[in-house]
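See structure below.
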Amino acid sequence: MYYLNNYKRRKSKRIYVGNVPIGDNAPISIQSMTSTNTIDIKSTINQILSLKKAGAEIVRISIPSMQEAEAFRIIKKNVNIPLIADIHFDYRIAIKAAEYGADGLRINPGNIGNYHRIKQVVLCAKNYNIPIRIGVNAGSLEKKILKNNKFPTPELLLESAMNNIKYFEKLNFDNFKVSIKASNVILAIKSYELLSKNIDQPIHLGITESGGLLSGSIKSSIGIGLLLYKGIGDTIRVSLAADPIEEVKVAFNILQSLNIRHRGINFIACPTCSRKEFDVINIVKILEKRLQDITIPMNVSIIGCSVNGLGEALTSTIGIVGGKNSSALYQNGNRLKERLNNKEMLDILELKIRNQANIIKNKKKLIIKCKNI
Ligand code: SF4
């Protein structure tokens with residue numbers, strides 16, 4: 349089997365957002381951002397809880413004014429996942445959010461203002477021992493850096509990041525990570541490549557404003573995926589004009605596709621053709637929905653006929669190979685005696701997958717127990 353065996357991460361310093369380590373070979377963490385109105389405290393808390401359930405490890409919240417900062421104070425007390433306060437324009441809001449328990453601050457050099465303001469935010473982060481993300485964005489690059497250029501370039505985006513990094517260094521502050529995002533995938537990739545050669549801090553990856561569920565997932569997969577493949581990136585956020593839960597799912601799929609991290613079921617399914625013996629597409633669609641609660645990593649292959657079915661079943665935890673009227677069932681590469689009726693396989697298959705997930709879960713628990721004896 350092909351794995352990313354030679355996967356070598358770029359070396360970086362380590363920081364912590366709450367209890368989540370970032371950089372220095374820590375697992376690549378997944379972030380998302382709330383899309384609710386922050387002053388709608390109940391909806392925001394509910395969305396954070398859903399994001400956590402979906403696997404998000406850090407959640408960012410937009411705090412446009414002091415009113416949202418007050419809401420943030422209550423939100424923070426009602427969730428137990430690290431929260432990053434997203435601040436633009438007014439550095440005083442950053443200071444307030446830190447006071448109210450933010451686990452990290454994100455500031456945009458393009459609009460936070462002069463050295464004095466940045467200094468206040470850094471002193472505050474030092475005081476509360478929380479990290480800052482310098483979040484450069486091609487859509488809001490400082491005018492003085494853009495100068496006569498019509499469009500941002502990787503060099504200009506880097507210049508913006510480096511100017512802020514110099515401020516941080518002057519203040520003897522190294523508890524930060526950097527992002528350098530663009531909605532143009534090539535611009536983002538080239539900018540991140542450049543950034544990775546110029547800093548030792550952890551890098552937050554993302555393709556900003558990437559679009560809706562389909563186009564945004566594709567752009568993010570190409571951009572983030574390519575950078576991760578090159579060992580660049582310590583934490584990721586997929587930005588979609590969609591339910592943020594989808595961002596978390598896509599992020600896990602990117603990491604899973606590169607064999608970097610695994611969570612839940614990896615469905616291996618054929619696109620079907622005239623040879624299919626059962627309704628593969630519908631079964632996969634239903635099972636993907638029904639089995640979202642399973643977090644144990646496992647491969648499940650659902651293949652419509654014997655052309656490619658056997659090869660996939662042999663390397664899957666559970667495998668189905670379509671046959672006439674009934675289909676062959678494989679478990680851990682072994683063919684079972686029982687066959688599944690093609691018309692009634694859905695519920696039985698769900699049960700088999702759930703049972704297998706429980707077996708793996710219990711085995712893991714036992715191993716941990718034995719290690720602790
Ligand atoms: Fe068609 Fe069989 Fe290939 Fe599926 S595995 S696409 S059913 S030939």
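Yeah, the sequence shown ends on 721 if you go by my numbering, and it's all consecutive. Cβ coordinates follow ideal geometry from the N, Cα and C atoms, glycine included.
From the options, pick the residue whose C-alpha is nearest to that of residue i; which is it?
i	options	result
Ser-649	Ala-617, Ser-622, Glu-636	Ala-617
Met-693	Lys-709, Lys-525, Leu-519, Ile-651	Ile-651
Ser-622	Ser-383, Val-655, Leu-574	Val-655
Gln-379	Lys-401, Arg-362, Ser-360, Asp-372	Lys-401
Ile-411	Ile-423, Leu-431, Ile-435	Ile-435
Ala-661	Leu-677, Lys-672, Val-598, Gly-671	Leu-677
Leu-431	Tyr-439, Glu-405, Thr-384, Met-414	Glu-405
Ser-413	Ala-442, Ile-393, Val-632	Ala-442
Lys-383	Asn-496, Ala-589, Leu-603, Lys-529	The amino acid at residue 383 is misidentified as Lys; the sequence shows Ser. The shortest Cα separation from Ser-383 among Asn-496, Ala-589, Leu-603, Lys-529 belongs to Ala-589.
Asn-523	Glu-503, Ser-360, Leu-714	Ser-360
Lys-578	Tyr-540, Leu-519, Pro-479, Ser-563	Tyr-540
Ile-708	Asn-720, Lys-672, Ile-642, Ile-570	Ile-642
Arg-609	Ile-631, Gly-487, Lys-495, Gly-403	Gly-403
Lys-424	Ile-396, Gln-704, Lys-495	Ile-396
Ile-547	Ser-558, Asn-511, Ser-565, Ile-570	Asn-511
Ile-422	Ala-450, Arg-440, Gln-604	Ala-450
Ser-565	Lys-538, Asn-497, Ala-599, Gln-549	Ala-599
Gly-560	Ala-433, Asp-591, Thr-501	Asp-591
Asn-373	Arg-358, Met-381, Asn-367, Lys-711	Arg-358
Lys-545	Ser-563, Leu-575, Ile-716, Ser-569	Leu-575
Glu-517	Lys-492, Pro-502, Tyr-463, Lys-538	Tyr-463
Val-368	Ile-429, Lys-356, Ile-493	Ile-429
Gly-659	Gln-640, Pro-645, Gly-681	Gly-681
Leu-699	Cys-718, Arg-638, Lys-719	Arg-638
Gln-679	Asn-710, Asn-647, Cys-653	Asn-647
Arg-362	Ile-409, Pro-479, Asn-426, Arg-408	Pro-479
By Cβ distance, which residues of its chain are closer than 6 Å to residue i, with the 5 residues on each side in sequence left out?
i	result
Lys-390	none
Ile-572	Leu-553, Ile-584, Ile-602
Tyr-476	Ala-446
Cys-392	Residue 392 is actually Thr in this sequence, not Cys. Closer than 6 Å at Cβ, skipping near neighbours: Thr-382, Thr-384, Thr-386, Ile-423.
Gly-612	Ile-642, Thr-643
According to DSSP, simplified to helix, strand and coil, what is residue i?
i	result
His-464	helix
Ile-528	strand
Lys-685	strand
Thr-583	strand
Asn-614	strand
Ile-651	strand
Ala-589	coil
Pro-457	helix
Tyr-448	coil
Ile-376	coil
Arg-609	coil
Ser-360	coil
Gln-679	strand
Asn-546	helix
Ser-565	helix
Ile-480	strand
Asn-710	helix
Ser-539	helix
Gly-571	helix
Leu-576	helix
Leu-603	helix
Give the C-beta separation of residue i and residue j to the nearest angstrom, bearing in mind that I take them to be a contact with Cβ-Cβ under 8 Å.
i	j	result
Leu-543	Ile-551	7 Å
Gly-461	Leu-489	In fact, because the Cβ distance is near 15 Å, the residues do not count as touching under 8 Å.
Thr-386	Phe-420	7 Å
Leu-519	Lys-467	6 Å
Glu-595	Phe-615	Actually they are not in contact, since the Cβ atoms of Glu-595 and Phe-615 sit about 19 Å apart, beyond 8 Å.
Ile-370	Gly-581	Not really, about 10 Å apart at Cβ, beyond 8 Å.
Ile-696	Ile-666	So it is not a contact: roughly 11 Å between Cβ atoms.
Val-526	Arg-481	7 Å
Asn-690	Asn-673	6 Å
Val-365	Gly-452	4 Å
Glu-625	Ser-675	6 Å
Val-469	Tyr-439	5 Å
Lys-538	Pro-502	4 Å
Lys-444	Ala-417	4 Å
Can you name, in chain order, every residue of its own chain whose Cβ lies under 7 Å from the Cβ of residue i, other than the five neighbours on each side?
i	result
Gly-657	Ile-651, Val-669, Gly-670
Asp-388	none
Between which residues of its own chain and residue i is the CB-CB distance below 8 Å, once the five residues before and five after are set aside?
i	result
Ser-398	Ile-593
Thr-556	Asn-485, Ala-486, Gly-487, Lys-529, Ala-530, Ser-531, Ala-536, Ser-587
Leu-471	Leu-519
Glu-686	Leu-677
Ser-563	none
Glu-507	Ile-493
Gln-704	Met-646, Thr-665, Ile-666, Gln-679
Tyr-515	Tyr-463, Ile-466, Lys-467, Val-470
Q) Unbroken alpha helix (DSSP H) runs of length 4 or more, entirely within the stretch 487–526: which are they? A) Whole alpha helix (DSSP H) segments, 4+ residues: 491–494, 502–518.
Q. Where in the stretch 377–454 do unbroken runs of the alpha helix (DSSP H), each at least 4 residues long, occur, reported from the N-terminal end onward?
A. 389–402, 414–425, 439–447
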